[in-house]
Amino acid sequence: MPSSLGEKIRKHRQEKGYSLDQLAELTDSSKSYVWELENRDTRKPSAEKLTRIAQALSVTTDYLLDDSAAPNEGVLKEAFFRKFNKLDPEDQRKIEQLIDVWGKKR
128 MPSSLGEKIR KHRQEKGYSL DQLAELTDSS KSYVWELENR DTRKPSAEKL
178 TRIAQALSVT TDYLLDDSAA PNEGVLKEAF FRKFNKLDPE DQRKIEQLID
228 VWGKKR
């Protein structure tokens, strides 16, 4: 289980199938900056960069910063709801309708 910031970034980047270039683009960073975060424990991203990385990887900043934290269900749900809350109201309504339909299938 990854514990350092760099290990967590690398693990989740690879799970999402992102290259260094892709994660850099998603977070308004350079490829070399992302590489340094993954490979050098001395790099500490700003709160803004950390937030962008967490959003791109669908995790929370708390998870990335906590050396002992594992991406449990609560962390993943929190990241999902952050994304959901940023959607426009019409898209939120559509997702709620999908959930209602899926819930009726049980």
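Per my numbering, residue 128 is the first one in the sequence shown, and the count goes up by one each step.
Every residue gets a Cβ at the ideal spot worked out from N, C-alpha and C, and that includes glycine.
Exposed unless 16 or more other CB atoms sit within 10 angstroms - verdict on residue i
{"i": "Ala-174", "result": "exposed"}
{"i": "Ile-136", "result": "buried"}
{"i": "Val-161", "result": "buried"}
{"i": "Ile-222", "result": "exposed"}
{"i": "Ile-226", "result": "exposed"}
{"i": "Arg-220", "result": "exposed"}
{"i": "Pro-172", "result": "buried"}
{"i": "Gly-144", "result": "exposed"}
{"i": "Ser-146", "result": "exposed"}
Under the three-state DSSP convention, the category residue i falls into
{"i": "Gly-144", "result": "coil"}
{"i": "Lys-204", "result": "helix"}
{"i": "Thr-187", "result": "coil"}
{"i": "Leu-214", "result": "coil"}
{"i": "Thr-178", "result": "helix"}
{"i": "Ser-173", "result": "coil"}
{"i": "Ser-159", "result": "helix"}
{"i": "Lys-232", "result": "coil"}
Item checked: Contact the region 181-188 vs the region 156-170: 3+ CB pairs below 8 angstroms -> No: fewer than three Cβ pairs fall under 8 angstroms.
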